[in-house]
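**Student:** Our numbering puts the first residue of the sequence shown at 1, with every later residue one more than the last. Mind having a look at this structure? Questions to follow.
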Amino acid sequence: MPVSVNVQTVHPRKLAAVRREVPPGGVAAAWGPALGKVWPFIRSQPGLWTDGHNIFLYHHSAQPGAPVLCDFGVEVTRTFETSGEVYATETPAGEAAVAVHRGPYNRMNEAYEAIKKWMAANGRESAGHSWEIYGDPTPDPADTETTVVFLLK
C-alpha cells in the first residue's frame with residue numbers, strides 16, 4: 001500500500017533522551033542500550049511520564065555517509081535536570097513532511113522513500129532533522145504504526 005505524505009505544522013515535544021553518534025545503518029544496534037538508560041530514569045521521576053511514546057530524533061550531517069547524531073528518547077511531561085547520560089531535549093518545531101508507516105519496522109524505509117520522493121516532486125528540502133514517533137506495540141506487527149517526520153526548510 002502506498003504511503004501518503006502530508007505537510008503539517010509540528011510543535012516541540014519534550015523528550016528524555018540519550019544521545020549517540022551512529023554510523024549509517026547502526027540505529028538498530030544503538031537504540032536498545034540507549035533506551036535502557038532512559039526508561040529507568042523516567043520511572044524514578046514521579047509524573048515525568050504519562051503516556052508518551054519512544055521518539056528517535058536524528059540530526060543529519062550535510063556530508064553523505066557521515067555518522068548521524070541520534071537522540072533516543074521518550075516523550076515526557078516536563079524538562080528536568082540532566083542525570084548521567086539522560087538529558088532533556090525536544091523535537092524541533094515548524095513545517096514538516098509527515099508519513100505514517102503501518103507495519104513491521106523492517107519496512108519503515110517505505111515511509112522514508114515516500115517522503116524523499118515527495119520532497120523532490122515538490123521542490124522541498126529537509127532542514128536536517130527527522131524523527132520517528134513509535135506507536136504502541138500491537139500483537140500483530142502489521143498493525144504497528146510509526147510516524148516519520150522530516151522538518152522542512
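Note that CB positions come from ideal geometry on N, CA and C, so glycine has one too. None of the values given here were measured: they were computed from a predicted structure.
Does the beta-carbon distance from residue 50 to residue 79 come in below 9 Å?
**Tutor:** Against the sequence shown, residue 50 aligns to sequence position 50. Against the sequence shown, residue 79 aligns to sequence position 79. Going by C-beta atoms, residue 50 is not nearer than 9 Å to residue 79.
**Student:** Shortest alpha-carbon distance to residue 33 belongs to which of 4, 82 and 71?
**Tutor:** Counted from its first residue, the sequence shown places residue 33 at position 33. It is 71.
**Student:** Determine the extent of the alpha helix (DSSP H) in which residue 72 is found, giving its start and end residues.
**Tutor:** As a working note, residue 72 is residue 72 in the sequence shown. Note, residue 72: premise wrong, no alpha helix (DSSP H); beta strand (DSSP E) at 68-75.
**Student:** Alpha helix (DSSP H) containing residue 109: first to last residue?
**Tutor:** As a position in the sequence shown, residue 109 is number 109, starting the count at 1. Per DSSP, residue 109 belongs to the alpha helix (DSSP H) from 109-121.
**Student:** If you reduce the DSSP assignment to three classes, tell me which class residue 48 lands in.
**Tutor:** To locate residue 48, count along the sequence shown from 1; it is residue 48. Correct three-state label for residue 48: coil.
**Student:** Here's a check: name, in chain order, each residue in its chain whose Cβ is nearer than 6 Å to the Cβ of residue 126, leaving out the five neighbours to either side.
**Tutor:** Here residue 126 refers to the residue found at position 126 of the sequence shown. Closer than 6 Å at Cβ, skipping near neighbours: 150.
**Student:** Would you mind stating whether residue 115 and residue 54 have Cβ atoms separated by less than 9 Å?
**Tutor:** As a working note, residue 115 is residue 115 in the sequence shown. As a working note, residue 54 is residue 54 in the sequence shown. Against a cut-off of 9 Å, the Cβ pair of residue 54 and residue 115 comes out as no contact.
**Student:** Just to confirm the assignment, what range does the beta strand (DSSP E) spanning residue 97 have?
**Tutor:** By one-based count along the sequence shown, residue 97 stands at place 97. Unbroken beta strand (DSSP E) run through residue 97: 94-102.
**Student:** Please name the residue or residues paired with residue 41 in a DSSP beta bridge.
**Tutor:** Position 41 of the sequence shown, counted from the start, is the residue given in the question as residue 41. In the DSSP output, where bridge partners are listed per residue, residue 41 has none listed.
**Student:** Is it buried or exposed, residue 148, if we count other Cβ atoms within 10 angstroms and call 16 or more buried?
**Tutor:** In the sequence shown, residue 148 corresponds to position 148, counting from 1. So residue 148 counts as buried.
**Student:** What are the partner residues of residue 17, as DSSP defines its beta bridges?
**Tutor:** Here residue 17 is taken as the residue at index 17 of the sequence shown, counted from 1. BP columns for residue 17 point to 73 and 87.
**Student:** Give the range of the beta strand (DSSP E) segment to which residue 146 is assigned.
**Tutor:** Locating residue 146 in the sequence shown gives position 146, counting from the first residue. Run containing residue 146: 145-152, per the beta strand (DSSP E) assignment.
**Student:** Between 130, 6 and 101, which has its C-alpha nearest residue 59's C-alpha?
**Tutor:** Walking along the sequence shown from the start, residue 59 turns up at place 59. Of the listed residues, the one whose Cα sits closest to residue 59 is 130.
**Student:** How long is the line joining the alpha carbons of residue 57 and residue 110, rounded to whole angstroms?
**Tutor:** Translated into positions along the sequence shown, residue 57 becomes position 57. Translated into positions along the sequence shown, residue 110 becomes position 110. Taking the straight line from one Cα to the other gives about 18 Å.
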